[in-house]
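Shown next, in structure tokens, is the structure this report addresses.
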Amino acid sequence: MCLKRGAEIFASDRGKSRERGPLEFKSHLVEREGDLGLLCRKDVITVYSSTRIEEAIEEMVRAKIKKLPVIDAGTKRLLGMVTSYDIADFLGGGEKHNIITKRHNGNYLSAINEPVREIMASDIPRAYVEESLEEAMERLVKSKYTGMPVLDENDRVVGIITERDFIKPIAGLETGISVRDVMTEEVLTLPPGAPLIDAMRAMVRNVFRRIPITSEGSLLGIITTIDILSHFIEKETFSKIRSSGLEIVLNEEVSRLMTKEVITVSPDKDVGYASKIMLDREIGGLPVLSNGELVGIVTEKDVISSFI
Numbered sequence: 071m072c073l074k075r076g077a078e079i080f081a082s083d084r085g086k087s088r089e090r091g092p093l094e095f096k097s098h099l100v101e102r103e104g105d106l107g108l109l110c111r112k113d114v115i116t117v118y119s120s121t122r123i124e125e126a127i128e129e130m131v132r133a134k135i136k137k138l139p140v141i142d143a144g145t146k147r148l149l150g151m152v153t154s155y156d157i158a159d160f161l162g163g164g165e166k167h168n169i170i171t172k173r174h175n176g177n178y179l180s181a182i183n184e185p186v187r188e189i190m191a192s193d194i195p196r197a198y199v200e201e202s203l204e205e206a207m208e209r210l211v212k213s214k215y216t217g218m219p220v221l222d223e224n225d226r227v228v229g230i231i232t233e234r235d236f237i238k239p240i241a242g243l244e245t246g247i248s249v250r251d252v253m254t255e256e257v258l259t260l261p262p263g264a265p266l267i268d269a270m271r272a273m274v275r276n277v278f279r280r281i282p283i284t285s286e287g288s289l290l291g292i293i294t295t296i297d298i299l300s301h302f303i304e305k306e307t308f309s310k311i312r313s314s315g316l317e318i319v320l321n322e323e324v325s326r327l328m329t330k331e332v333i334t335v336s337p338d339k340d341v342g343y344a345s346k347i348m349l350d351r352e353i354g355g356l357p358v359l360s361n362g363e364l365v366g367i368v369t370e371k372d373v374i375s376s377f378i
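By our numbering, the letter at position 62 of the sequence shown is numbered 132, and the numbering carries on one by one without gaps.
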């Protein structure tokens, strides 16, 4: 599993002069051969390019993960990655939905038997086991992805490194950086009556994994890509699609799928506190509330970006 090395992993400040409290971030990131190999998780789940889309969805939901490296069945070399974005795109959020509407004439139950190579992304970030933590962290933060495969010298997957792995060393610590300093203030929200298809399109278009559901400024819930994937493998959903077609599910209100008990954070809290919540609850982002009002959202990527 991932090895915690302490706050020194994030000791890179790029010459910034502002004091950051009890933790010192002004020295350079620890450079030690093989550090990435120690930090990455070895229990990575992969799929073959021939794996059916339905199987990939089921695996993501079962393991509560949002990304699956795709490998060649023979050489075991990395070919690409399929993510919850790609699935949302396929289900109706973007151009990959054409596989259902055009290639399979709207037959979702037929289309989910297509291989994942039809929807996977091949142009993805990747890291090599002997490269530095700093290089890997910067590459991941600059990408739209939340994790990337770690490869050996033969391009075979030996692990996976995620944003969550990088926030582990500061989780629960006082960094001197507040949530307000790093959060995104302009938050895309949807009303509870919005159709599911709108949520998927917004996720794909903006590369979001979660969208808060609000009404008159009040936070009612949150919907994530995993909520959507989970819904599409339910027996009830299959029955609806079989009897009435895919459109009836795509037009369901997001309030039916959203999580109502939302974990939030105050803008005045330290990012170490927010990181601890995200780590313990296994969530990648937190709505930020001030006096009951939604004022922003903070993600694992936001936290990591503040240390680069």
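Using N, Cα and C, we set each Cβ at its ideal position, and we do this for glycine too. Predicted model only: the values in this text are computed from it and were never measured.
Where V335 falls, given that 16 or more other Cβ within 10 Å makes a residue buried: buried
Cβ-Cβ distance between V228 and V186 below 8 Å: no
Per-residue burial, L179 [other beta carbons within 10 Å of its own, 16 or more giving buried]: exposed
I127 beta carbon less than 8 Å from that of I296: For the pair I296 and I127, the CB atoms are not nearer than the 8 Å cut-off.
Span of the beta strand (DSSP E) around E363: E363 to T369
Beta-carbon separation (whole angstroms), I135 vs F160, contact threshold 8 Å: Not confirmed; about 17 Å, so no contact.
Helix, strand or coil at A241 according to DSSP, with G and I counted as helix: coil
Cβ contact check for the region 312–331 and the region 257–273: 3 or more pairs under 8 Å: Contact between the region 312–331 and the region 257–273 is present, with at least three C-beta pairs closer than 8 Å.
Contact under 8 Å by Cβ, V373 with P337: no
Short Cβ contact (8 Å threshold) for I115 with A133: yes
CB contact flag (E352, E233, <8 Å): no
Boundaries (first-last residue) of the beta strand (DSSP E) holding M151: L148 to T153
Sufficient close CB pairs (3 or more, under 8 Å) joining the region 269–289 to the region 161–173: yes
Residue interval of the beta strand (DSSP E) (run including M218): It spans G217 to L221 - the beta strand (DSSP E) in which M218 sits, taken as one unbroken run.
Length at least 4, wholly inside the region 264–352: the alpha helix (DSSP H) runs in chain order: 266–276, 295–302, 305–314, 316–320 and 341–351
Contact set for I182: own chain, Cβ-Cβ below 8 Å, skip 5 residues either direction: R122, I123, E124 and I127
Contact under 8 Å by Cβ, S288 with P262: no
Between the CA atoms of M218 and A197 - distance to the nearest angstrom: 7 Å
Segment limits, alpha helix (DSSP H) that includes S180: Y178 to A181
Simplified DSSP state of V100, which is helix, strand or coil: Low per-residue confidence applies at V100: pLDDT is 44, beneath 50, and the placement is therefore not dependable, though the value from the model is reported in the following sentence. Coil at V100, not helix or strand.
Where S376 sits in the DSSP three-state scheme: Three-state DSSP puts S376 in coil, outside helix and strand.
Per-residue burial, R312 [other beta carbons within 10 Å of its own, 16 or more giving buried]: R312 should be labelled exposed.
Unbroken beta strand (DSSP E) run spanning I141, endpoints: K137 to I141
Alpha-carbon to alpha-carbon, I157 and V117: 14 Å
Option in G354, L109 and K339 with minimal Cα separation from G206: Checking the sequence, you will find Ala at residue 206 rather than Gly. Comparing Cα-Cα distances from A206 to each of G354, L109 and K339, the minimum goes to L109.
Endpoints, the alpha helix (DSSP H) within which L203 is located: L203 to K212
Start-to-end residues for the alpha helix (DSSP H) that takes in I123: I123 to A133 is the extent of the alpha helix (DSSP H) around I123.
M348 vs G291 beta-carbon contact at 8 Å: no
Cβ neighbours of L359 in the same chain (closer than 6 Å, five flanking residues each side left out): Only T334 meet the Cβ criterion.
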